């Protein structure tokens with residue numbers, strides 16, 4: 048019974064992995080009716096309208112760091128099958144989930160520090176990366192100014 052339960056959990060995690068990955072890979076902003084002026088006649092996302100809005104939400108919030116969500120689910124599905132051990136940082140599931148969320152948030156901020164000029168405003172780091180990168184940039188300027196004024200021989 049335990050093998051059947053782990054196989055079922057692994058299959059569900061793998062299917063969610065495929066669903067999220069395909070929706071992220073095939074996402075185009077033109078499919079979202081909120082972002083395009085005439086509503087699109089056809090959806091180019093492989094998952095459909097649900098995949099379009101799922102990818103839109105993940106890219107809007109986390110930017111390119113959203114690609115880590117499906118791969119975490121893939122490794123969790125392999126862990127449930129016993130093929131690969133994916134234990135995370137702690138022994139508690141709550142600690143592992145919080146560590147993963149902190150990783151995604153700060154990865155979004157790191158990616159947001161180096162945005163590509165040609166991408167949409169939130170696409171590189173998402174809204175999380177946009178605000179955290181702005182905070183880190185302002186603090187870096189403040190700390191850099193303080194260091195230059197304190198240790199510069201020319202002040």
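In our numbering, the protein residues as written are 48 to 202.
All residues carry an ideal CB built from backbone N, CA and C; glycine is no exception.
Just so you know, these numbers come straight off a predicted model, no measurement behind them.
Under 9 Å between C-beta atoms of residue i and residue j
i: residue 123; j: residue 133; result: yes
i: residue 129; j: residue 52; result: no
i: residue 71; j: residue 102; result: yes
i: residue 74; j: residue 115; result: no
Buried or exposed by the 16-neighbour rule on C-beta atoms within 10 Å, applied to residue i
i: residue 131; result: exposed
i: residue 218; result: Within the shown structure, residues of the chain are numbered from 48 to 202, placing residue 218 beyond reach of any answer.
i: residue 79; result: buried
i: residue 127; result: buried
i: residue 142; result: exposed
i: residue 137; result: exposed
i: residue 161; result: exposed
Proximity winner among the options, relative to residue i (alpha-carbon distances)
i: residue 66; options: 77, 96, 171 and 190; result: 96
i: residue 183; options: 153, 108 and 173; result: 153
i: residue 158; options: 61, 172 and 137; result: 172
i: residue 148; options: 58, 112, 56 and 76; result: 112
i: residue 59; options: 99, 104, 108 and 125; result: 125
i: residue 76; options: 189, 187 and 98; result: 98
Other residues of its chain near residue i: CB distance less than 6 Å, five sequence neighbours each side excluded
i: residue 156; result: 176, 179 and 180
i: residue 69; result: 93 and 94
i: residue 163; result: 171
i: residue 88; result: none
Beta-carbon proximity list for residue i, same chain, < 7 Å, skipping 5 on both sides
i: residue 57; result: 124, 127 and 128
Item to check | Inter-stretch contact at 8 Å, needing at least 3 Cβ pairs: the segment 108-122 / the segment 89-98 | outcome: Contact between the segment 108-122 and the segment 89-98 is absent, because fewer than three Cβ pairs lie under 8 Å.
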